[in-house]
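Data block below; observations after.
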Amino acid sequence: MASTTAPEIFQQLAASLTRVSQGDFFCHVAESLAALLDIDHVMIARIEPRKKRALPLATWSCSGFVDAPSYDLKHTPCAQVSSDTCFHMPSQVAARFPHDPKLAVYDAEGYLGVPMSDASGQCQGIIAMMHSAPLELPDYATEVLRIVASLAGFELSRRQVGARADEQIASKQRALRLLNRVNEARFHATDEQGLLQAACRAMVEVGGYSAAWVHERPPSFAQCELGPVTASVDEESGDLAWLSPRQLLIEGGSRALALTALETQEAVVWAPSLAGEYSEQAFMLRELGVNAFVALPLIYRGQRQGVMCLYQAEDATITTRELRLLSELADDVAFGVDNLLHRRSEARIQHAVAQVATAVSAQHGQAFLTQLTDHMANALAAEVGFIATLDERDPNLANVLSLFVNGQPQAPFSYHLAGVPCQDVLIEQECVVLEGAGIRLPKEANGALEWVNAYVGRRLDDVEGRPVGIIGVMFKAPLEDAHIVCTVLQIFAARAASELGRQKDEARIRQLAFCDADTQLPNRADFIQHLEERVIRKTSSRFALLLLDLNHFKEINDTAGHDIGDLVLKKVAQRFRHALPAGEYLARLGGDEFVVVCDNANDKGRALITAERLCNSLENPIVIEQHSCELSVSVGISLYPVHGQTAQALLKHADIAMYQAKRHKLSARTFEHWMGRAVADQLRIAKRLAVALSNHSLYLHFQPQVDMRTGELIGAEALCRWRDDELGEVPPSQFVPIAEDRGMIVALGNCVIEQACQQLAAWQRQGCQLSGQLSINIAADQFEDSELVATLLNSCRQHSIAPDQLSVEITESGIMTHPEDAIATTEILKGHGLGLSIDDFGTGYSSLAYLKRFAADRIKIDISFIRDMLVSDSDRTIVATIIAMADTLGLQTIAEGIECQAQAEALLEMGCYQAQGYFYDAPLDPQQFAQRWLLPG
4 MASTTAPEIF QQLAASLTRV SQGDFFCHVA ESLAALLDID HVMIARIEPR KKRALPLATW
64 SCSGFVDAPS YDLKHTPCAQ VSSDTCFHMP SQVAARFPHD PKLAVYDAEG YLGVPMSDAS
124 GQCQGIIAMM HSAPLELPDY ATEVLRIVAS LAGFELSRRQ VGARADEQIA SKQRALRLLN
184 RVNEARFHAT DEQGLLQAAC RAMVEVGGYS AAWVHERPPS FAQCELGPVT ASVDEESGDL
244 AWLSPRQLLI EGGSRALALT ALETQEAVVW APSLAGEYSE QAFMLRELGV NAFVALPLIY
304 RGQRQGVMCL YQAEDATITT RELRLLSELA DDVAFGVDNL LHRRSEARIQ HAVAQVATAV
364 SAQHGQAFLT QLTDHMANAL AAEVGFIATL DERDPNLANV LSLFVNGQPQ APFSYHLAGV
424 PCQDVLIEQE CVVLEGAGIR LPKEANGALE WVNAYVGRRL DDVEGRPVGI IGVMFKAPLE
484 DAHIVCTVLQ IFAARAASEL GRQKDEARIR QLAFCDADTQ LPNRADFIQH LEERVIRKTS
544 SRFALLLLDL NHFKEINDTA GHDIGDLVLK KVAQRFRHAL PAGEYLARLG GDEFVVVCDN
604 ANDKGRALIT AERLCNSLEN PIVIEQHSCE LSVSVGISLY PVHGQTAQAL LKHADIAMYQ
664 AKRHKLSART FEHWMGRAVA DQLRIAKRLA VALSNHSLYL HFQPQVDMRT GELIGAEALC
724 RWRDDELGEV PPSQFVPIAE DRGMIVALGN CVIEQACQQL AAWQRQGCQL SGQLSINIAA
784 DQFEDSELVA TLLNSCRQHS IAPDQLSVEI TESGIMTHPE DAIATTEILK GHGLGLSIDD
844 FGTGYSSLAY LKRFAADRIK IDISFIRDML VSDSDRTIVA TIIAMADTLG LQTIAEGIEC
904 QAQAEALLEM GCYQAQGYFY DAPLDPQQFA QRWLLPG
């Protein structure tokens, strides 16, 4: 060894290392140690722990560098070096380790191994020094070697970290290139085979795999079988699209692995180290040079699209990250395949729709079904297409309507359903036989369809869901894509079922087109045709047209139900028929309207006599089950040709006359020309009323209600008034019925409520207090409105009016429309403090049982009884009865329309103490009312 002192050694070592570049670091260290310590051989090596091998980084031997191969650590002195222990054998090292070839090569006698550790203390490499003579080192050598080993370990760690970083960057770049390549292929592919071929090419050219191939998706009838190879790329083959002979053997030897991936729907990885898991394939794959194999199932939305297989001939490991990347690529490919299949399915469906929509030239009937069958078979590339209907007399028999075999029409025949696929269709709505269907086809086909392999049939249902027939296709080859066939067949089935239903309906329509099903009378269509024929003849004979409308028939439907209502209409039709002379035309227009064309009543007088007979036919109640229905009818009459020379004019004028009869509570009216003008006037009033409601131009007058004993004010009634710029003053008797007919009565009532509360608030601000309550008339339609209570309370709240300052007046007939609902509403109103009066009492048909349950305060006796009670004993008796009944029920009575002292005195004698009318005062505007009745003096 050199006799250099320790300080000199450190100076020389430091000077040497300062001149070293990063790339030459280990070479300089090996050379410097050999020179400074006077050693023949110095080797610096990196250790691969998993493989227990040493990879030399620099080797100095006798004044020069040499290339040294990697070597196993087993049976070498280097194996004795650990992360915290050196191994020093001054002599006879070759004898101690005879299986280490490098010791013999270097003629080593002495050996010293020093570990190179990283920051965590893990041994990353070895500095091995070998000398041809016994190796004795000075004392300072240990410190020198410790420092050098530390520096070398740091440098080795730095290089490994850099290498790993470079490896990760390269891996990510490769992953991005693979993803981009596959996504680009997915974007540009026009069919599945092209997409799969491009994906295999990307795996080989970009992914670095030796070969890639795809087993296509299995047939639908064999979900767990591998399909043939549909795409492949092999780097060993001159043509990348074909597998080399060796790759063909690898493909065959790996089929079990691919099938496992398909069955489990998970990736399968094989490597020689995992041979125990797949012992049957291990030997062949190992002998063929396979170092890594991956089978990736192509699955999207649960559908198996196939299996992609990859293998690597080079020494490689399928890491978790690599497997995750490959699985993601497989998912992208499966998505692309599914998208292409979906687009192809859509194209086939669109083609089928086009076949149904445009290709069938026949409009209907047998020709339509024949063409539809032909186009269905063409759209589905089926060898057989057929449509059959169920036999109406024998449900186990089917009758073929149209049949095409290989594009040629065949003669129709009948066949039994037992045991054939069509029987399954009737039970399950749809039947799919993927292969072997020929043995189950009807024997009536006489063996002509034995070659059939696949069958798809669908049940044809009518609009009520009852089976009426079968539509189907058959194929010579086994069926793979059953979903598309079923989807397209469903489209054709819908059209075929529609046509069969249309044919059935047409037959039904021909039978019933001109007959009303409920009454068996001619219907509206027959009547219009009959009337137009009469008018078109233009003969000199005259006739009368009678339009009949049942009064309050809706109440029967509402209370007893439509079933009872239909039976009542049937009885009405029978009575009308018996009331007419033989030969007179009677029809039902619809709903509760009937019409009569009278040849024997060709003038006004005779027409009115016929109308009277029809009205009298309903005098007796119609009894259906436990329901007794009292009916009346309103009749409008028009005469030909006096009232019109067209069917439309005659019907229109009869309708106008009928409306006038209803309005004036008459049984019959004959059309007069002024009635048409009246209808026009009503329409004009309705339009102006809508404008008035929108502009809030209606206003209120107030009529006092008094105690007849003292003459003092006990309340008032709010009465709506309207003066229009075009129409002038319009009386309530004219615009209120129009508001009811036109659906404006609720808006009118809300206007009255708002203005009444507003006026009460105004009087209060003026220091005027109304004695008693202000009565507001509520129409029947508004009383049934669910928002009535909220409208009243919100208006009171908005104007700071107590609810008990208001009283609601509802007519007797209004509360009897839906009495139970009316009882509930009155209880709610009373609960909030509002008063309640039953208006026009005596004119309706209220039940005493219900009257007891209404939360009413008083009964208002109708003016029609008050007006004539001094001259009519019956009216006086009615008034006295009402007062006595009200007194018995604990209700007050108020009489309306008092016009003289005698009426007031008579009412006082009978026990009625409240009244209103012109005898006390007319309706007044707010200022006049306050001046006369609210202000003192």
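Just so we're aligned, residue 4 is where the sequence shown starts under my numbering, counting upward by one. Idealized CB from N, CA, C, for every residue including glycine. Computed from a predicted structure; not experimentally measured.
query: Sorted by chain position, which residues of the same chain lie with C-beta nearer than 6 Å to V435's C-beta, five sequence neighbours on each side aside?
result: Shown here for V435: same chain residues with a beta carbon closer than 6 Å to its own, the five before and five after excluded, namely V459 and A485 in chain order.
Runs of alpha helix (DSSP H) lying entirely within the stretch 461-525, each at least 4 residues, in chain order: When DSSP assignments are scanned along the stretch 461-525, the uninterrupted stretches of alpha helix (DSSP H) that are 4 or more residues long and fall wholly within it turn out to be 485-515.
task: Check P118 in the structure and name its three-state DSSP category.
output: The three-state secondary structure of P118, taken from DSSP, is strand.
Integer Cβ distance of R691 from L730, believed to fall under 8 Å: About 6 Å separates the CB atoms of R691 and L730; that is less than 8 Å, so the two are in contact.
- request: Grab me the residues of V709's own chain with a C-beta within less than 8 Å of its C-beta, minus the 5 sequence neighbours each way, in chain order.
  value: Closer than 8 Å at the Cβ level, and outside the excluded window around V709, lie E715, L716, I717, Q917, A918, Q919 and Y923.
message: Taking the alpha-carbon of M872 as reference, which of F857, E899 and A859 has the nearest alpha-carbon?
response: Checked all of F857, E899 and A859; the closest Cα to M872 is E899.
query: Under a three-way DSSP split, which group does S810 fall into?
result: Here S810 carries a strand assignment [DSSP, helix/strand/coil].
- prompt: Along the chain, which unbroken stretches of the beta strand (DSSP E) at least 3 residues long are found entirely within the stretch 88-113?
  reply: Qualifying beta strand (DSSP E) stretches, in chain order: 90-92.
task: Provide the residue span of the alpha helix (DSSP H) that contains V207, from first to last.
output: Looking at the DSSP string, the run of the alpha helix (DSSP H) that includes V207 is E195 to E208.
- prompt: Would a C-beta distance cut-off of 8 Å place A111 and V96 closer than the cut-off?
  reply: Pairing A111 with V96 gives a Cβ-Cβ distance under 8 Å.
- prompt: I781 lies in the alpha helix (DSSP H); which residues open and close that run?
  reply: Note, I781: premise wrong, no alpha helix (DSSP H); beta strand (DSSP E) at Q776 to I781.
- prompt: So, is A48 buried or exposed, given that buried needs 16 or more other C-beta atoms within 10 angstroms?
  reply: Burial call: buried.
query: From this set, E349, V575 and F478, which residue's C-alpha is nearest I627's C-alpha?
result: Ranking E349, V575 and F478 by CA distance to the CA of I627 puts V575 first.
Residue burial classification, I885 (beta-carbon count within 10 angstroms, cutoff 16): The residue is buried, with at least 16 neighbouring Cβ atoms inside 10 Å.
field: CA-to-CA distance, T562 to S631, given in whole angstroms
entry: Each residue's alpha carbon lies about 12 Å from the other.
- prompt: Could you check where the alpha helix (DSSP H) with E633 kicks off and where it finishes?
  reply: Looking at the DSSP string, E633 is not in any alpha helix (DSSP H), and its letter there is neither H nor E.
- request: Indicate the three-state DSSP secondary structure (helix, strand or coil) for S405 in the structure shown.
  value: The three-state reading of DSSP puts S405 in strand, counting E and B together.
message: Under 7 Å: does the beta carbon of V423 sit that close to some heavy atom of the ligand FMN?
response: No copy of the ligand FMN occurs in the structure displayed, which carries no ligand at all.
message: Here's a check: name, in chain order, each residue in its chain whose Cβ is nearer than 7 Å to the Cβ of V571, leaving out the five neighbours to either side.
response: Spatial neighbours of V571 in its own chain (CB-CB distance under 7 Å, excluding positions within 5 residues in sequence) are listed in chain order as I559, I625, I627 and C632.
- prompt: Which residue from D75, A370, V151 and C312 puts its Cα closest to that of P333?
  reply: Contrary to the premise, residue 333 reads as Ala rather than Pro in this sequence. The shortest C-alpha separation from A333 is found at C312.
query: From the DSSP output, which residues share a beta bridge with A391?
result: Paired residue(s): V403 and I473.
field: Test item: CB-CB of R462 and L429 under 8 Å
entry: Yes, these two residues count as a Cβ contact at 8 Å.
query: By Cβ distance, which residues of its chain are closer than 8 Å to F579, with the 5 residues on each side in sequence left out?
result: Correct list, in chain order: L551, L589, F597, V599, L617 and S620.
- prompt: Which two residues bound the contiguous beta strand (DSSP E) that contains S417?
  reply: For S417, the enclosing beta strand (DSSP E) covers residues S417 to H419.
Classification of Y848 by the beta-carbon crowding that lies within 10 angstroms, buried from 16 upward: With a pLDDT of 47 at Y848, under the threshold of 50, the predicted position of this residue should be treated as unreliable, though the coordinate-derived value follows. In this structure Y848 is exposed. Its beta-carbon is surrounded by fewer than 16 other beta-carbon atoms within 10 angstroms.
- prompt: What residue does the beta strand (DSSP E) around V749 start on, and which one ends it?
  reply: No beta strand (DSSP E) holds V749; the alpha helix (DSSP H) holding it covers I748 to R768.
field: Member of A295, L344, G475 and Q308 whose CA lies at the smallest distance from the CA of E381
entry: It is Asn, not Glu, that sits at residue 381 in the sequence shown. Out of A295, L344, G475 and Q308, G475 has the C-alpha closest to the C-alpha of N381.
task: Take L393 as the anchor and find which of A337, G256 and V471 has the nearest alpha-carbon.
output: The option with the nearest alpha carbon to L393 is V471.
query: To the nearest angstrom, how far is it from the Cα of Q934 to the Cα of A693?
result: One C-alpha to the other measures close to 33 Å.
- request: Could you say which of K573, A695 and R505 lies nearest to Q369 if we only look at CA atoms?
  value: Considering only K573, A695 and R505, the residue with the shortest C-alpha distance to Q369 is R505.
- prompt: How would you call Q930, buried or exposed, if buried means at least 16 neighbouring beta carbons within 10 angstroms?
  reply: With fewer than 16 Cβ atoms within 10 Å of its Cβ, Q930 is classed as exposed.
- request: Identify whether E238 lies in helix, strand or coil by the three-state DSSP scheme.
  value: Assignment of E238 by DSSP, reduced to helix, strand and coil, places it in the coil class.
field: Cut-off 6 Å between Cβ atoms - residues of its own chain near R527, not counting five sequence neighbours on either side
entry: Hits under 6 Å: L592 and G593.
task: Have a look at V423 and L444 and give me their C-alpha separation to the nearest angstrom.
output: Cα-Cα distance, rounded: 5 Å.
- prompt: With C-beta atoms as the reference, is V310 less than 8 Å away from H218?
  reply: Pairing V310 with H218 gives a Cβ-Cβ distance under 8 Å.
- prompt: By DSSP, does K77 sit in helix, in strand, or in coil?
  reply: It is coil, neither helix nor strand.
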